[in-house]
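To keep things clear, I will list the structure first and then write my remarks on it.
Number of protein chains: 2
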Amino acid sequence: MAVADSTSRPDQSFIEGLARSESARLLRAKLGHRWPETTDELDVITRYALLPAGKLLRPLLALHAAEAVGGNPADLLVAALGLEYLHAATLVHDDIIDGDAVRRGRPSVPAAYGVPNAIVVGDHLIFGAFESIVEEPWVASPARVIAAVGELAEAGRDLCRGQTLESQLVGDIEAGARWYPEMIRRKTGTLFRTACHIGATLGGGNADAISGLAAYGEHIGIAFQIRDDLLSFVATPEQTGKSATSDLTNGRPTLPLILAYQAAGDADRAELCAVLARRGAGPRDLAWLRDLVANTGAVAGAYRQMAGHVERAVTELAVLSPSPSVTVLTGIARWTTSQNL
Amino acid sequence: MAVADSTSRPDQSFIEGLARSESARLLRAKLGHRWPETTDELDVITRYALLPAGKLLRPLLALHAAEAVGGNPADLLVAALGLEYLHAATLVHDDIIDGDAVRRGRPSVPAAYGVPNAIVVGDHLIFGAFESIVEEPWVASPARVIAAVGELAEAGRDLCRGQTLESQLVGDIEAGARWYPEMIRRKTGTLFRTACHIGATLGGGNADAISGLAAYGEHIGIAFQIRDDLLSFVATPEQTGKSATSDLTNGRPTLPLILAYQAAGDADRAELCAVLARRGAGPRDLAWLRDLVANTGAVAGAYRQMAGHVERAVTELAVLSPSPSVTVLTGIARWTTSQNL
Chain C
59 MAVADSTSRP
69 DQSFIEGLAR
79 SESARLLRAK
89 LGHRWPETTD
99 ELDVITRYAL
109 LPAGKLLRPL
119 LALHAAEAVG
129 GNPADLLVAA
139 LGLEYLHAAT
149 LVHDDIIDGD
159 AVRRGRPSVP
169 AAYGVPNAIV
179 VGDHLIFGAF
189 ESIVEEPWVA
199 SPARVIAAVG
209 ELAEAGRDLC
219 RGQTLESQLV
229 GDIEAGARWY
239 PEMIRRKTGT
249 LFRTACHIGA
259 TLGGGNADAI
269 SGLAAYGEHI
279 GIAFQIRDDL
289 LSFVATPEQT
299 GKSATSDLTN
309 GRPTLPLILA
319 YQAAGDADRA
329 ELCAVLARRG
339 AGPRDLAWLR
349 DLVANTGAVA
359 GAYRQMAGHV
369 ERAVTELAVL
379 SPSPSVTVLT
389 GIARWTTSQN
399 L
Chain L
59 MAVADSTSRP
69 DQSFIEGLAR
79 SESARLLRAK
89 LGHRWPETTD
99 ELDVITRYAL
109 LPAGKLLRPL
119 LALHAAEAVG
129 GNPADLLVAA
139 LGLEYLHAAT
149 LVHDDIIDGD
159 AVRRGRPSVP
169 AAYGVPNAIV
179 VGDHLIFGAF
189 ESIVEEPWVA
199 SPARVIAAVG
209 ELAEAGRDLC
219 RGQTLESQLV
229 GDIEAGARWY
239 PEMIRRKTGT
249 LFRTACHIGA
259 TLGGGNADAI
269 SGLAAYGEHI
279 GIAFQIRDDL
289 LSFVATPEQT
299 GKSATSDLTN
309 GRPTLPLILA
319 YQAAGDADRA
329 ELCAVLARRG
339 AGPRDLAWLR
349 DLVANTGAVA
359 GAYRQMAGHV
369 ERAVTELAVL
379 SPSPSVTVLT
389 GIARWTTSQN
399 L
């Protein structure tokens, strides 16, 4: 669907271009080198969780944040990949928790290798993330390396808090309305924030630059999550590579549903609560919900919130001197709202 | 049962005494302070996984290793507790993988709070472990703090490799015979090794002392695992606080079974394989296996292997100057073989 969009409309292939950039190429090469084909079962499954790589957005954010403060991104490849490991770990463990059998258009790790292996591989990726940060040669002063470890650990704890909060909101759209911003800040904002924070820290940034880039990351992380929540209602599983009904089946009050609920009449509210409570939403429920979120203005409302976070993200970049990396970071933010949602 | 024991027999209440030592008291106080009663669900479950504390052997090893190289254990309390967090994380995730409903004589975390919460709480504990190592004020030079982080990350990956290896050995006693030493080195030796390694590193030890203490830790970890495997056949669930048939139900070829298999005749071998393959061992199977491991000399054989690791552990301590902490470390090793097995 088309949504009124007051922001500029950059090239929609921006992210595809980013995925072909030199930084992305270096990251992919390093990732493939690190996780070669093997017969070791743990490494086979870990490789499956990581490859073929997605957009590598979090590592790319780290590299561009580093470059934006004057660092050399080529020195930071391993540390940046640590953010991809942590991201992949959360996906693997989330897929167990949500019972999701499809991820990136193919069987999820628990579906392909079973829950026990998925638990262990998620753990393996978490440990790998920390190992990546401290691997020698250190890319910054020891104090900065330690700060990056602390940031990663705090991010991980925040992700856990977000996951617990999400579980607590299951089936409860009113609690969802109250806690959704906090939940997505922790669940998605945190890792984007941390990618930028760690990149800026290891790149040698000063406190203001680190703090500005971290805030930028948090806002685009939140924007990405809202976009993801919107996609369940405006895109096909083929486009998103994952189940359109996972959030519904898991009783999740996502932003489009929350806004639809707030705008809907009593009958629609009751039906919306019933669908969430049922935990077995099918194609008819989804079709009804798609109409509801469109007709109540919930899609447009969610889009506006997303665009607001994009603007705030871009504003945070003002602390930095103009540079090619700042342009890329701005482009990543703008891309969120540039898609044919 | 009584087992011939060529080693000296120190006071069997040694570990109980250790649990009442000043170091243990400080650790317990810090642990309780860190994880107060709360209504936050994630912290409630994390606290449940940690408290009431067990023997705190891994943190105690770290403190005594630090003291043995001239460090001040009081400075290392938080970092040492990180080892308990990692240990607790492995227990929580293992209990999901093994389907174990009882741990330390009460419902395991997945039994009490469900699998999704148990996954998240295990992750939370892993992140908490890293956070503990880098928390300010740093207890050693930044380079030593980073080394400790790297050691913890590598230990975590090794634990995952051990877990995967254990899964691969399920139901296969011949593969078990081949891989059991490697598996328990990774699954249990690693964390004891790492506790001593990190304690000695943060305590300011030189390379020889760190390496000797790490080797000591690995050997006592292996000895403890053999002891644990033995207890399933010679102690009651009331004594061990956990299911006596978990290993059997999970088809695990533990050392007593491997040695019994190697010593048994064809009929007993076939029956042993059948029990493992059945994955539903009951009281009668357990009684039969208890007789088999006793009559084939497997209990005595496992005991001898355990005692061998204890001796090697003690030998590794020769690199250190005599001190009260070295005496404690020696006592921990000797305690393993001093029990009424």
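Residue numbers (my numbering), protein chains in the order written: chain C, 59 to 399; chain L, 59 to 399. Even glycine gets a Cβ: it sits at the ideal position worked out from N, Cα and C.
On a CA-only basis, which of the options is nearest residue i? Give me that one, please.
i               : options                        : result
L54 of chain C  : C:W237, C:Y238, C:L217         : The requested residue 54 of chain C is not part of the displayed model; chain C covers only 59 to 399.
F185 of chain C : L:R164, L:R215, L:N175         : L:R215
D101 of chain C : L:S396, L:Q221, L:I155, L:T252 : L:Q221
A327 of chain C : C:P341, C:P311, C:R342, C:G340 : Before going on, a small fix: residue 327 of chain C reads as Arg here, not Ala. Nearest option by C-alpha distance: C:P311.
S396 of chain L : L:R362, L:G234, L:V377, L:S383 : L:R362
L149 of chain C : C:A107, C:P174, C:G163         : C:A107
A318 of chain L : L:T97, L:H182, L:I73, L:I231   : L:I231
I155 of chain L : L:F188, L:V173, L:I280, L:F72  : L:V173
R219 of chain L : C:L227, C:N175, C:I280, C:E193 : C:N175
T11 of chain C  : C:I316, C:G340, C:A281, C:I280 : Outside the displayed range of chain C (59 to 399) lies residue 11 of chain C, so it cannot be described from this structure.
With C-beta atoms as the reference, is residue i less than 9 Å away from residue j?
i               : j               : result
G262 of chain L : G128 of chain L : yes
L210 of chain C : L144 of chain C : yes
T259 of chain L : A213 of chain L : no
A169 of chain C : V178 of chain C : no
I284 of chain C : L313 of chain C : yes
V368 of chain C : T394 of chain C : yes
A345 of chain C : V372 of chain C : no
G275 of chain C : G247 of chain C : yes
A272 of chain C : R116 of chain C : no
E374 of chain C : G270 of chain C : yes
A321 of chain C : T354 of chain C : yes
P131 of chain C : L183 of chain C : no
A332 of chain C : I256 of chain C : no
S301 of chain C : D158 of chain C : yes
F402 of chain C : F188 of chain L : Within the shown structure, residues of chain C are numbered from 59 to 399, placing residue 402 of chain C beyond reach of any answer.
Looking only at its chain, what residues have a beta carbon closer than 6 Å to the beta carbon of residue i, apart from the 5 residues adjacent to it on each side?
i               : result
G75 of chain L  : none
L289 of chain C : T298
A335 of chain L : G229
T65 of chain C  : The predicted model places T65 of chain C with a pLDDT of 39, which falls under 50 and marks its position as unreliable, so this point remains unresolved.
H122 of chain C : S383, V386, L387
A120 of chain L : A138, L141, A253, I256, G257
Using C-beta distances below 8 Å, list every residue in its chain close to residue i, excluding the 5 sequence neighbours before and after it, in chain order.
i               : result
L109 of chain C : L89, G90, W93
A77 of chain L  : K113, L114
N264 of chain C : V127
E329 of chain L : W346
Rounding to the nearest angstrom, what Cα-Cα distance links residue i and residue j in this structure?
i               : j               : result
G112 of chain C : L118 of chain C : 11 Å
V203 of chain C : L141 of chain C : 14 Å
P165 of chain C : E95 of chain C  : 19 Å
I103 of chain L : V167 of chain L : 7 Å
S379 of chain L : R243 of chain L : 27 Å
L114 of chain C : A138 of chain C : 9 Å
G359 of chain L : A352 of chain L : 10 Å
A293 of chain C : V357 of chain C : 12 Å
G208 of chain L : L135 of chain C : 17 Å
F291 of chain C : P195 of chain L : 49 Å
I191 of chain L : M241 of chain C : 27 Å
A60 of chain C  : L350 of chain C : Residue placement at A60 of chain C is flagged as unreliable, the pLDDT there being 33, under the threshold of 50; the coordinate-derived value follows with that caveat. A60 of chain C and L350 of chain C: Cα-Cα distance of roughly 16 Å.
R86 of chain C  : S79 of chain C  : 11 Å
A147 of chain L : D181 of chain L : 7 Å
G171 of chain L : F72 of chain C  : Note on residue identity: the sequence assigns Tyr, not Gly, to residue 171 of chain L. For Y171 of chain L and F72 of chain C, the distance between alpha carbons rounds to 44 Å.
R251 of chain L : A201 of chain C : 26 Å
Q226 of chain L : Y238 of chain L : 11 Å
D287 of chain L : H151 of chain C : 30 Å
Leaving out five residues on either side along the sequence, give the residues of the same chain with a beta carbon under 7 Å from the beta carbon of residue i.
i               : result
D133 of chain L : V197
A267 of chain C : V127, A258, V377, L378
P382 of chain C : none
Practice task
Taking a Cβ distance cut-off of 7 Å, strictly less, list which residues of the stretch 215 to 247 of chain L are near chain C, in chain order.
Solution key: So the list reads R215, C218, R219, Q221, T222, S225, Q226, given in the order they occur along the chain.
Handout entry: Residues within the stretch 286 to 316 of chain L neighbouring chain C, beta-carbon criterion of under 9 Å
Key = Those residues of the stretch 286 to 316 of chain L that come within reach of chain C (Cβ to Cβ, closer than 9 Å) do not exist; the list is empty.
Problem - Where the stretch 151 to 174 of chain L meets chain C: residues whose CB sits under 8 Å from a CB there - result: Hits within the stretch, in order: H151, I154, I155, V173, P174.
Practice task
Name, going along the chain, the residues of the stretch 71 to 97 of chain C whose beta-carbon falls closer than 8 Å to a beta-carbon of chain L.
Solution key: Going along the stretch 71 to 97 of chain C in chain order, one finds no residue with a Cβ nearer than 8 Å to chain L.
Problem - Residues of the stretch 197 to 209 of chain C whose Cβ lies closer than 7 Å to any Cβ of chain L, in chain order - result: Listed by position, the residues of the stretch 197 to 209 of chain C near chain L (Cβ gap below 7 Å) are P200, A201, V203, I204, V207, G208.
Exercise for the section: Give, in chain order, every residue of the stretch 319 to 351 of chain C whose Cβ lies closer than 9 Å to some Cβ of chain L. Expected result: Along the stretch 319 to 351 of chain C, none of the residues has a CB nearer than 9 Å to a CB of chain L.
Practice task
With 7 Å as the C-beta to C-beta threshold (strictly closer), list the residues of the stretch 100 to 114 of chain C near chain L in chain order.
Solution key: Within the stretch 100 to 114 of chain C, those residues whose Cβ lies closer than 7 Å to any Cβ of chain L are, in chain order, L100.
Exercise for the section: Using a Cβ-Cβ cut-off of less than 7 Å, list which residues of the stretch 270 to 281 of chain C approach chain L; keep chain order. Expected result: Going along the stretch 270 to 281 of chain C in chain order, one finds no residue with a Cβ nearer than 7 Å to chain L.
Exercise for the section: Note down, in chain order, all residues in the stretch 358 to 371 of chain C with a beta-carbon under 9 Å from any beta-carbon belonging to chain L. Expected result: Under the 9 Å Cβ criterion, the stretch 358 to 371 of chain C contributes no residue.
Exercise for the section: Would you list, in chain order, the members of the stretch 121 to 155 of chain L that have their beta-carbon closer than 7 Å to a beta-carbon of chain C? Expected result: Cβ contacts with chain C come from H151, I154, I155.
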